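Single-structure report; data block below.
In this note's numbering, the protein residues as written are 1 to 378.
Next up, the structure:
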């Protein structure tokens, strides 16, 4: 009997994808190995949001290749973001690169070929990841996600709600709704001024930005319906773009105590010029005002965030602006990363973006923020 092992790199979305992969492998008669050494069918679910994550993938596949050269019989399948990038790179260069750098790989599997035909094999008995969309339409200049996962595609509302109900019946009481930008859920499936959500007709929430209606979203309604499912005690969601955080969404959070009071709201930087270069559609002041608005309506709310240090040309003053924002907001947690150049992104392809901040300075800035927000030594 074939024994499989799945090694997952990256974010919660990748974790959820791996649970679906495990279900698919089980349906083919495979059983899960105790560890990677006991497996003869290895799936590596890749991440390339940072160069360091990509390099860890290459290192693991290299080690497996050496074992195959010594006589170990196994099949190595690569999936996830690196394969997504290879599929979407029309030049074919990235596919050639990963084939050359991973000669031990036997198959490259696009994650889109792993569907929702079977319930995921969960890795937690109480908490379940529930994907509501895949891909991203925002094209932040530093971010590779639109090239690894493609344009945003919303999962059908009933599919999401039925999965949550099945989880509740199976004893799960906590769920996290997953998307690259959950706030824009449904923008691609809204075809009229009224839609049926939870058996009732509703008008899509129009998200406004820069004084204009930007997108229609169904996320506030989805969140509301999920909270109605009996047995579910806690509802969380990641990730949210600040410019799509509607008043309707704030109201839903405020009136539903099931929804987590820790909101993850990526800011990336606290300087307006830098935010514009990143293609983030808000200013430092607008972000701080949004935080204040949420706090005024949601009692006990706290915030976590994502921050990039050392983005192309970031000056000392621009970094200090980020420090100022951090102090004003008071984040309880931050995922801080040092900028690394990613293929196909605007920051990679445009001559106006230069990765000029030295690695030593990136590390220094990272440490300053890490000690300020996450307080690792306390």
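Beta carbons are placed, not taken as given, at the ideal position from N, Cα and C, and that holds for glycine.
No experiment lies behind these values; they were computed from the predicted model shown.
Where the beta strand (DSSP E) through residue 127 begins and ends: Here the question's residue 127 lines up with position 127 in the chain shown. First-last of the beta strand (DSSP E) with residue 127: 127-131.
For residue 216, the residue or residues it bridges with in DSSP: The sequence position of residue 216 within the chain shown is 216, counting from 1. Answer is 206.
Start-to-end residues for the alpha helix (DSSP H) that takes in residue 342: If you number the chain shown from 1, residue 342 lands on position 342. Here residue 342 belongs to no alpha helix (DSSP H), and DSSP marks it neither H nor E.
Per DSSP, what kind of secondary structure is residue 196 in: helix, strand or coil? Looking up residue 196 in the chain shown gives position 196. Three-state DSSP puts residue 196 in a strand.
Against chain B, with Cβ distances strictly below 7 Å, would residue 152 count as a contact? Protein chain content of the structure displayed is limited to a single chain, and chain B is not contained in it.
Quick check on the burial criterion: 16 or more other C-beta atoms within 10 angstroms. Buried or exposed for residue 199? Within the chain shown, numbered from 1, the residue matching residue 199 stands at position 199. Exposed, by the Cβ-count rule.
What number of angstroms, rounded off, separates the C-alpha of residue 353 from the C-alpha of residue 314? In the chain shown, the residue the question calls residue 353 occupies position 353. In the chain shown, the residue the question calls residue 314 occupies position 314. If you take the alpha carbons of residue 353 and residue 314, they lie about 11 Å apart.
Can you give the beta carbon distance from residue 290 to residue 237, rounded, assuming they're within the 8 Å contact cut? For the purposes of this step, residue 290 is identified with residue 290 of the chain shown, where counting begins at 1. For the purposes of this step, residue 237 is identified with residue 237 of the chain shown, where counting begins at 1. In fact, because the Cβ distance is near 16 Å, the residues do not count as touching under 8 Å.
Tell me, which residues are paired with residue 335 by DSSP? By one-based count along the chain shown, residue 335 stands at place 335. Beta-bridge pairing links residue 335 to 306.
Does the distance from the C-beta atom of residue 75 to that of residue 31 stay below 7 Å? In the chain shown, residue 75 corresponds to position 75, counting from 1. In the chain shown, residue 31 corresponds to position 31, counting from 1. Their beta carbons are not under 7 Å apart, which means residue 75 does not touch residue 31 by this criterion.
Roughly how many angstroms separate the alpha carbons of residue 385 and residue 316, rounded to a whole number? Residue coverage of the chain in this structure runs from 1 to 378, which leaves residue 385 outside it and unanswerable.
Can you round the beta-carbon distance between residue 178 and residue 16 to whole angstroms, since I take them to be within the 8 Å contact cut? Taking the first residue of the chain shown as 1, we reach residue 178 at position 178. Taking the first residue of the chain shown as 1, we reach residue 16 at position 16. With 8 Å as the limit, residue 178 and residue 16 qualify as a contact, their Cβ atoms being about 6 Å apart.
Take residue 216 and list the residues in its own chain whose beta-carbon comes closer than 8 Å to its own, dropping the five residues that flank it on each side. Here residue 216 refers to the residue found at position 216 when the chain shown is read from its first residue. Answer for residue 216: 186, 187, 190, 204, 205, 206 and 207, listed in chain order.
Does DSSP classify residue 5 as helix, strand or coil? In the chain shown, counting from the first residue as 1, residue 5 sits at position 5. Here residue 5 sits in strand by DSSP.
In or out: residue 153 buried (at least 16 other Cβ within 10 Å) or exposed? For the purposes of this step, residue 153 is taken as the residue at position 153 of the chain shown. So residue 153 counts as exposed.
C-alpha gap between residue 338 and residue 278, whole angstroms: As a first step, residue 338 must be located in the chain shown, where it is residue number 338. As a first step, residue 278 must be located in the chain shown, where it is residue number 278. So the alpha carbons of these two residues sit roughly 14 Å apart.
According to DSSP, which residues form a beta bridge with residue 134? The residue you call residue 134 lines up with position 134 of the chain shown. Listed as beta-bridge partners of residue 134 by DSSP are 153.
Looking only at its own chain, which residues have a Cβ that is under 7 Å from the Cβ of residue 336, when we skip the five neighbours before and after it? Position 336 of the chain shown, counted from the first residue, corresponds to residue 336. Excluding positions up to five away in sequence, the list reads 307, 309, 366, 369 and 370.
Coil, strand or helix - residue 270 by DSSP: For the purposes of this step, residue 270 is taken as residue 270 along the chain shown, with counting starting at 1. Of the three classes helix, strand and coil, the one that applies to residue 270 here is coil, per DSSP.
Other residues of its chain near residue 14: CB distance less than 7 Å, five sequence neighbours each side excluded: Here residue 14 corresponds to residue number 14 of the chain shown, with the count starting at 1. Cβ within range, chain order: 8, 45, 47 and 80.
Inter-residue Cα distance where the pair is residue 376 and residue 202: As a position in the chain shown, residue 376 is number 376, starting the count at 1. As a position in the chain shown, residue 202 is number 202, starting the count at 1. Rounded to the nearest angstrom, the two C-alpha atoms are 46 Å apart.
Start-to-end residues for the beta strand (DSSP E) that takes in residue 80: Position 80 of the chain shown, counted from the first residue, corresponds to residue 80. Its beta strand (DSSP E) spans residues 75-80.
For residue 20, does the count of other Cβ atoms within 10 angstroms reach 16, so buried, or fall short, so exposed? One-based indexing of the chain shown puts residue 20 at position 20. Under a 10 Å Cβ-count criterion, residue 20 is classified as buried, with 16 or more other Cβ atoms of the shown protein chains found around its own Cβ.
Can you find at least 3 beta carbon pairs, one from the stretch 139-152 and one from the stretch 77-95, that sit closer than 8 Å? yes
Assess contact between the stretch 104-121 and the stretch 249-261, defined as three or more Cβ pairs (one per stretch) separated by less than 8 Å. Is contact present? By the Cβ rule, the stretch 104-121 does not count as touching the stretch 249-261, because fewer than three pairs are nearer than 8 Å.
Among 53, 55, 18 and 56, whose alpha-carbon lies nearest the alpha-carbon of residue 43? Walking along the chain shown from the start, residue 43 turns up at place 43. Nearest option by C-alpha distance: 18.
Taking 7 Å as the threshold (C-beta atoms), are residue 51 and residue 340 in contact? By one-based count along the chain shown, residue 340 stands at place 340. By one-based count along the chain shown, residue 51 stands at place 51. Yes, the Cβ-Cβ distance between residue 340 and residue 51 is below 7 Å.
Determine the DSSP secondary structure at residue 314, reduced to helix, strand or coil. Walking along the chain shown from the start, residue 314 turns up at place 314. Residue 314: coil per DSSP, three-state reduction.
Report the start-end ranges of each alpha helix (DSSP H) in the stretch 40-125 that is 4 residues or longer and not cut off at the edges. 51-69, 81-88 and 93-101
Residue 237 bridges to which residues according to DSSP? In the chain shown, residue 237 corresponds to position 237, counting from 1. In the DSSP output, where bridge partners are listed per residue, residue 237 has 177.
Between the beta-carbon of residue 180 and the beta-carbon of residue 145, is there less than 7 Å? Counting from one through the chain shown, the residue named residue 180 turns up at place 180. Counting from one through the chain shown, the residue named residue 145 turns up at place 145. At the C-beta level, residue 180 and residue 145 come within 7 Å of one another.
Separation of residue 129 from residue 59, as counted between CA atoms: Walking along the chain shown from the start, residue 59 turns up at place 59. Walking along the chain shown from the start, residue 129 turns up at place 129. Rounded to the nearest whole angstrom, the C-alpha separation of residue 59 and residue 129 is 28 Å.
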